[in-house]
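Residues 6 to 335 in the working numbering are what the sequence shown spells out, letter by letter. Below is one structure, written out as structure tokens; the observations come after it.
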Amino acid sequence: MSHVAVLPGDGIGPEVTAQAVRVLDAFGIAYSKHAFGGNAILAQGTPLPEDTLAACRRADAVLLAAVGLPELEGKPVRPEQGLLGLRKELGVYANLRPARAPGIDIMIVRELVGGLYFGEKGIREDGTWFDTCEYSRPEVERIARRGFEIAGARGGRLTSVDKVNVMHTSRLWRDVVTQMGSTLYPDVAVDHALVDSFAMTIVQAPETIDTVVTENTFGDILSDIAAAVTGGLGLAASASLGDDGPGLFEPVHGSAPQIAGRGIANPAAMLRSVALLLDHGLGRAADAAALEAAVDTALQIAPTPDLGGTSTTSEVGDAVLRALDSARTL
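Below, the structure written as structure tokens:
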């Protein structure tokens, strides 16, 4: 039997997680909950306890809610450090960020464990602060390979985004993608775009985009823009995958402490993360499609306040489960 390590996180995390585990129960998937993020810092002094990491490594997939607590902002030990550490420990270098809306179907494939976020950083003797962006050829090759494979299974078009007119690492990025496209993936149409102009394309003509592959920082920014264009961060899910071991599945939104405990958080992004988990983590594509459809239905009939409705978090969960049950009886 498949087993999922569930990390409820902080703020609204436990509330949206409660709806996610209802779906896991409905599909007969076993799970266990583990401390992570800000609440783990307050209880154990670290955002990623050793027993949590061990449980994640043993699991078939990891489902993570949002992390972050206001009282820990700017502190030496922060929840976000646990997130970066977990990604690194699990080797999940490929972050998939789908963005869908009527007429729009974008998949952004973001390199997740390299670049500025993981490069050398510090303060020089003259007071200069610095962050270093570094990429090796194998790092670019593995994320490009994932991008080509996903593009080939979708619309057959891949856009590689860089900043080759300014950044040296972008020269390597563009060269690798060009070489791999011509030699290994001739059936995938490849084009290249500069990150600034491509951001405008996402805003002005998102329907023209199929699959995107890019480095860590650019992917972080562009995927948020794509989410905003297709409904907002509250609806956006993500999957982080490696070559082996469990994948990491999480909503894109933050912990929203300002509404925590009120029962009004939209669980759609968390539930869509479960759909990605079913598809990419457990190989249950049909169940994933059924859940995606159920979430879409639930948002129509039971919208939360952020979507102009009055439904509670649990009422959205109720609607999702009803839609799943209805689909099974058809």
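Beta carbons are placed, not taken as given, at the ideal position from N, Cα and C, and that holds for glycine.
CA-CA distance, residue 298 and residue 112? If you take the alpha carbons of residue 298 and residue 112, they lie about 18 Å apart.
Under the DSSP definition of a beta bridge, which residues are partnered with residue 69? 12
Excluding the five sequence neighbours on either side, which residues of its own chain have a C-beta within less than 8 Å of the C-beta of residue 234, listed in chain order? 104, 106, 109, 207, 208 and 211
Please classify residue 171 as buried or exposed, where buried requires at least 16 other C-beta atoms within 10 Å of its C-beta. Counting Cβ neighbours within 10 Å, residue 171 comes out exposed, since fewer than 16 surround it.
Can you confirm whether the region 144 to 153 touches the region 112 to 121 when touching is taken to mean that 3 or more C-beta pairs between the two stretches lie within less than 8 Å? yes
Across the region 11 to 28 and the region 254 to 274, are there enough close Cβ pairs to call them in contact, namely three or more that are closer than 8 Å? yes
Could you name the residues of the same chain whose beta carbon sits closer than 6 Å to that of residue 102, not counting the 5 residues immediately before and after it, in chain order? Taking C-beta separations shorter than 6 Å and ignoring five residues to either side along the sequence, the partners of residue 102 in its chain run 113, 228 and 243, following chain order.
Per DSSP, which residues does residue 112 bridge with? Please list them. 103 and 216
Once you ignore the five residues that flank residue 20 on each side, which residues in its own chain have a CB closer than 6 Å to its CB? 270 and 318
Does the region 79 to 90 come close enough to the region 181 to 195 to have 3 or more Cβ pairs within less than 8 Å? no
Assuming the contact rule is C-beta atoms closer than 8 Å, residue 99 and residue 245 should be a hit. Round their C-beta distance to whole Å, please. 7 Å
Specify the secondary structure class of residue 32 as computed by DSSP and reduced to three states. coil
Cβ neighbours of residue 151 in the same chain (closer than 7 Å, five flanking residues each side left out): 99 and 114
In angstroms with no decimal places, state the Cα-to-Cα distance between residue 333 and residue 326. 11 Å
Taking C-beta to C-beta, are residue 193 and residue 237 nearer than 7 Å? no
Taking the Cβ atom as the reference point for each residue, do residue 3 and residue 74 lie within a distance shorter than 7 Å? The displayed coordinates of the chain run from 6 to 335. Any statement about residue 3 would go beyond what the structure contains.
With 16 as the cutoff for other CB atoms within 10 Å, does residue 134 come out buried or exposed? exposed
Kindly identify the DSSP beta-bridge partner or partners of residue 135. 127
Distance check for residue 202 and residue 136, CA to CA, integer angstroms please. About 24 Å.
Thinking just about the alpha-carbon of each residue, which of 165, 56 and 47 is nearest to the one in residue 198? When only C-alpha atoms are compared, the closest one is 165.
Across the region 88 to 96 and the region 56 to 64, are there enough close Cβ pairs to call them in contact, namely three or more that are closer than 8 Å? yes
Within 10 Å of its beta-carbon, does residue 6 have 16 or more other beta-carbons around it, so buried, or fewer, so exposed? exposed
So which of 226, 38, 85 and 94 has the shortest CA-CA distance to residue 22? 38
By Cβ distance, which residues of its chain are closer than 8 Å to residue 268, with the 5 residues on each side in sequence left out? Closer than 8 Å at the Cβ level, and outside the excluded window around residue 268, lie 20, 317, 318 and 319.
Exposed or buried, what is residue 173 when buried is set at 16 or more other beta-carbons lying within 10 Å of its beta-carbon? Under this definition residue 173 is an exposed residue.
Alpha helix (DSSP H) runs contained entirely in the region 211 to 273, provided each spans 4 or more residues: 221 to 234
Using three-state DSSP, classify residue 312 as helix, strand or coil. Note: residue 312 maps to helix in three-state DSSP.
What does residue 197 pair with, by DSSP beta-bridge criteria? 165
How about residue 67 and residue 10: are their beta carbons less than 7 Å apart? yes
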